[in-house]
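Undergrad: Once you've had a glance at the structure underneath, I'll fire off some questions.
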Amino acid sequence: MPRVPVIEGIDHPTVVNYTDVINGVIEIGERVAIIGAGGIGFDVAEFLSHSGHPTSLNIPAFMQEWGIDMDLQARGGIEGVEPKFTPSPRTIFLCQRKAEGLGKNLGKTTGWIHRLGLIKRGIKMLAGCAYQRIDDQGLHLLVGDEPRVLEVDNVVICAGQESQRELSEGLHKSFHLIGGADVAVELDAKRAIDQGTRLAAIL
């Protein structure tokens, strides 16, 4: 289940959970701060940075965005073709506590794609954030040692997950916990598959 960080004003009406955003339960404003820049934060930023359908579902738009010549007139299909990213319809701040490059721990083969795509759409990435409070003015935080106020319409919480073990607590027979039910830190399908495979081999 989604983790809720301890921040003054976390129950402010502008604060929303990423599951409600992705499921379209609520409408998001034009200025957004995202707390958490892990896989979930990047996915939500990607989702909010598009108007209409994402280009990943539109082949011609995707090719234009990444500078690929579908007619193969350019050498290698890319030489001299300028990528044309559509700017985000929203002003988006992607924030993380760690004072390191955002997206550093994303997937090795696709992480650079997510980072570059958001940069090209104008998403603002802030590292080394210390969250102070959320109020009618927006999100108050320190970026390094610099106090800032992000005047936003919504603050989307993407601060990871917590294990949900209610079902296992009522069991009276031995069981094994794997994947996110075991440790919900930076949920990783690779780790869950590894645990499941090793457990199956033992059983």
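Counting from 1, position 193 in the sequence shown corresponds to residue 200 in my numbering; the numbering is continuous, with no gaps. Don't be surprised by glycine CBs; every beta carbon is placed ideally from N, CA and C.
Which ranges does the beta strand (DSSP E) cover as unbroken runs of at least 3 residues, wholly within the stretch 89 to 136, from first to last along the chain?
TA: Here the runs fully enclosed are 98 to 102 and 131 to 133.
Undergrad: Let's see if you can read the secondary structure: which residues bound the beta strand (DSSP E) around isoleucine 164?
TA: Numbered from its first residue, the sequence shown carries residue 164 at position 157. Its beta strand (DSSP E) spans residues 161 to 164.
Undergrad: Out of curiosity, what's the CA-to-CA distance linking tyrosine 9 and tyrosine 25?
TA: Taking the sequence shown and counting its residues from 1, the one referred to as residue 9 is at position 2. Taking the sequence shown and counting its residues from 1, the one referred to as residue 25 is at position 18. Reading the sequence as shown, one finds proline at residue 9 and not tyrosine. Roughly 8 Å between the two C-alpha positions.
Undergrad: Helix, strand or coil for leucine 55 per DSSP?
TA: As a working mapping, residue 55 is identified with position 48 in the sequence shown. In the structure shown, leucine 55 sits in a helix (DSSP, three-state: H, G or I).
Undergrad: Can you give me the C-alpha to C-alpha distance between leucine 210 and arginine 97, rounded to a whole angstrom?
TA: As a first step, residue 210 is located in the sequence shown; it is residue number 203 there, counting from the start. As a first step, residue 97 is located in the sequence shown; it is residue number 90 there, counting from the start. In a straight line, the C-alpha of leucine 210 is about 51 Å away from that of arginine 97.
Undergrad: Between Ala199, Leu148, Asn30 and Ile200, which has its C-alpha nearest phenylalanine 100's C-alpha?
TA: Locating residue 100 in the sequence shown gives position 93, counting from the first residue. Comparing Cα positions, the closest option is Leu148.
Undergrad: If I measure Cβ to Cβ from glycine 131 and keep anything under 8 Å in the same chain, skipping five residues before and after, which residues do I get?
TA: Numbered from 1 along the sequence shown, position 124 holds the residue referred to as residue 131. Going by the sequence as given, residue 131 is lysine instead of glycine. If we look at lysine 131 and ignore the five residues flanking it on each side, its Cβ neighbours are Thr98, Ile99, Phe100 and Leu101.
Undergrad: Would you mind sorting arginine 128 into buried or exposed? The rule is 16 or more other CB atoms within 10 Å of its CB.
TA: Against the sequence shown, residue 128 aligns to sequence position 121. Per the 10 Å Cβ criterion, buried.
Undergrad: Give a yes or no on contact between the stretch 50 to 59 and the stretch 26 to 38, applying the rule of three or more CB pairs nearer than 8 Å.
TA: With a cut-off of 8 Å, the stretch 26 to 38 and the stretch 50 to 59 count as touching, because enough Cβ pairs lie within range.
Undergrad: Considering only C-alpha positions, which residue in the set Glu153, Ala134, Gly151 and Val162 is nearest to glycine 145?
TA: Start at 1 with the first residue of the sequence shown, and residue 145 comes out as number 138. Checking every option, the nearest Cα to that of glycine 145 belongs to Val162.
Undergrad: Taking the alpha-carbon positions, what's the glutamine 139 to isoleucine 14 distance?
TA: One-based indexing of the sequence shown puts residue 139 at position 132. One-based indexing of the sequence shown puts residue 14 at position 7. Each residue's Cα considered, the two are about 7 Å apart.
Undergrad: CA-CA distance, glycine 43 and glutamine 80?
TA: Along the sequence shown, one-based indexing puts residue 43 at 36. Along the sequence shown, one-based indexing puts residue 80 at 73. Glycine 43 and glutamine 80: Cα-Cα distance of roughly 42 Å.
Undergrad: Helix, strand or coil for isoleucine 42, going by three-state DSSP, please let me know.
TA: Residue 42 sits at position 35 when you count from the first residue of the sequence shown. Reduced to three states, the DSSP call for isoleucine 42 is strand.
Undergrad: Cysteine 165 and glycine 45 - do their beta-carbons sit closer together than 9 Å?
TA: Taking the first residue of the sequence shown as position 1, residue 45 is located at position 38. Taking the first residue of the sequence shown as position 1, residue 165 is located at position 158. Against a cut-off of 9 Å, the Cβ pair of cysteine 165 and glycine 45 comes out as a contact.
Undergrad: Given a threshold of 16 other Cβ atoms within 10 Å of its Cβ, counted over all protein chains shown, does leucine 206 qualify as buried or as exposed?
TA: The residue given as residue 206 occupies position 199 in the sequence shown. The residue is exposed, with fewer than 16 neighbouring Cβ atoms inside 10 Å.
Undergrad: On a Cα-Cα basis, can you pick out the residue from Asp142, Glu107 and Phe69 that is closest to glycine 124?
TA: Here residue 124 is taken as the residue at index 117 of the sequence shown, counted from 1. The residue with the shortest Cα to Cα distance from glycine 124 is Phe69.
Undergrad: Specify, as a first and last residue, the run of the beta strand (DSSP E) that leucine 146 falls within.
TA: Locating residue 146 in the sequence shown gives position 139, counting from the first residue. Here the beta strand (DSSP E) through leucine 146 covers 145 to 150.
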